[in-house]
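Everything on this sheet refers to the single structure shown next.
Protein chains: 2
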Amino acid sequence: MSRPLAHPAAAAVTLAGLLFALADPVRLAIVRELLRSPAGLNCTEARARLGLAMPKSTCSQHYRILRESGLIASERRGTELVSHVRAQVLTERFPGLLESVFGAYERECQPAGRRRASRAAAVG
Amino acid sequence: MSRPLAHPAAAAVTLAGLLFALADPVRLAIVRELLRSPAGLNCTEARARLGLAMPKSTCSQHYRILRESGLIASERRGTELVSHVRAQVLTERFPGLLESVFGAYERECQPAGRRRASRAAAVG
DNA sequence: TATAAAGTTCACAAAGATTGAACTACGGAA
DNA sequence: TTCCGTAGTTCAATCTTTGTGAACTTTATA
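These protein sequence lines map, in sequence, to chains A and B.
The numbering used here numbers the first residue of the first sequence as 2 and each following residue consecutively.
The numbering used here numbers the first residue of the second sequence as 2 and each following residue consecutively.
Now the structure itself:
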């Protein structure tokens, strides 16, 4: 990881790639933490915040997938690799998508009592 | 497949599950076709429309994943299994998400010339 | 230089995807 | 009813992807 990390150009970011990157609960949680941390977060810190007993090699792989999908950008600061969400690029490419997905995530994270009860499980 | 197919209740539909189901290019395309077909589509028809040389067992698996994620509902009509997007349930659970994702998909499917050119590949 | 911290890469085991073949379900014709 | 064709599912084998510990690289500091 000596040279600058490869980040896909905006035009190379695909919807399926983004959805794939976000389709993992751990990565979804990481990105939420990143969105809450404008200054960026490194691997170790993200792991600590999420309280996940995850080996650092696994975390590294998750970060790589997020990076290659175009979701995050990473830069070295000292020994750390600090990452942040590429909000500008994503907004340009797919306006509103990120807000929508993480709006849904916040909604899901709310305890059930804070939402309107929806008892009927109508199919359709 | 004699008994009614299992469809998750609205409350059991998770964001990560939906994203996972949509994270595959084939499934993304299938769901778009379904969204365009209010009367529903069966496996064979969807395969034909997408022009994919995909074995029917593979298509069946994709439909199963879509069904188990809560994205689609399927019902038997004669020998066919007709499926449609569970728009009402999804809107109730995650308002705006489906529109946002498939808005992004349509945007991506447009030829590049119809979008504003974005030459600079700024990271971030 | 030596030591430590932060990540990456490698290699292997475990889990998941793809697909042809065999099977089930249904409808229609004889 | 029985037989046949169509639509999908399930099974099993193969292939691919993911998770992980160990070893390695990079940077900083004593």
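Beta carbons are placed, not taken as given, at the ideal position from N, Cα and C, and that holds for glycine.
Please compile the residues from chain A whose C-beta is within a distance smaller than 8 Å of the C-beta of residue 106 of chain B. 16
To the nearest whole angstrom, what separates the beta carbons of residue 90 of chain A and residue 14 of chain A, a pair I think is in contact under 8 Å? Residue 90 of chain A to residue 14 of chain A, Cβ: 7 Å. Contact.
Contacts of residue 26 of chain A in chain B (Cβ-Cβ under 7 Å): 17
Assign residue 120 of chain A to one of two classes, buried (16 or more other C-beta atoms within 10 Å of its C-beta) or exposed (fewer than that). Because residue 120 of chain A carries a pLDDT of 42, less than 50, the predicted location of this residue cannot be relied on, and the following value inherits that uncertainty. Classification for residue 120 of chain A: exposed.
Let's test the definition: count the other Cβ atoms within 10 Å of the Cβ of residue 78 of chain B and tell me whether it reaches 16, buried, or not, exposed. It is exposed - the Cβ of residue 78 of chain B has fewer than 16 other Cβ atoms within 10 Å.
Using a Cβ-Cβ cut-off of less than 8 Å, list which residues of the segment 73-84 of chain B approach chain A; keep chain order. 74
Does the beta-carbon distance from residue 86 of chain B to residue 6 of chain B come in below 7 Å? Not a contact, by the Cβ cut-off of 7 Å.
Would you please verify whether the beta carbon of residue 101 of chain A is less than 7 Å from any beta carbon of chain B? yes
Show which residues of chain B have a CB atom less than 8 Å away from the CB atom of residue 69 of chain A. In chain order: nothing, as chain B lies at least about 13 Å away.
Return no unless some Cβ of chain A is closer than 7 Å to the Cβ of residue 29 of chain B. yes
Quick one: give me the first and last residue of the alpha helix (DSSP H) that residue 20 of chain A is part of. 16-23
Taking Cβ-Cβ distances shorter than 7 Å, what residues in chain B pair up with residue 23 of chain A? 20
With residue 50 of chain A and residue 103 of chain A assumed to form a contact (beta carbons below 8 Å), what rounded beta-carbon distance in angstroms separates them? With 8 Å as the limit, residue 50 of chain A and residue 103 of chain A do not qualify as a contact, their Cβ atoms being about 16 Å apart.
Under the rule that 16 or more other beta-carbon atoms within 10 Å means buried, what is residue 58 of chain B, buried or exposed? exposed
9 Å Cβ cut-off: residues of chain A touching residue 35 of chain B: Within 9 Å Cβ-Cβ: nothing; residue 35 of chain B doesn't reach chain A, min ~12 Å.
Where residue 35 of chain A falls: helix, strand or coil (DSSP): helix
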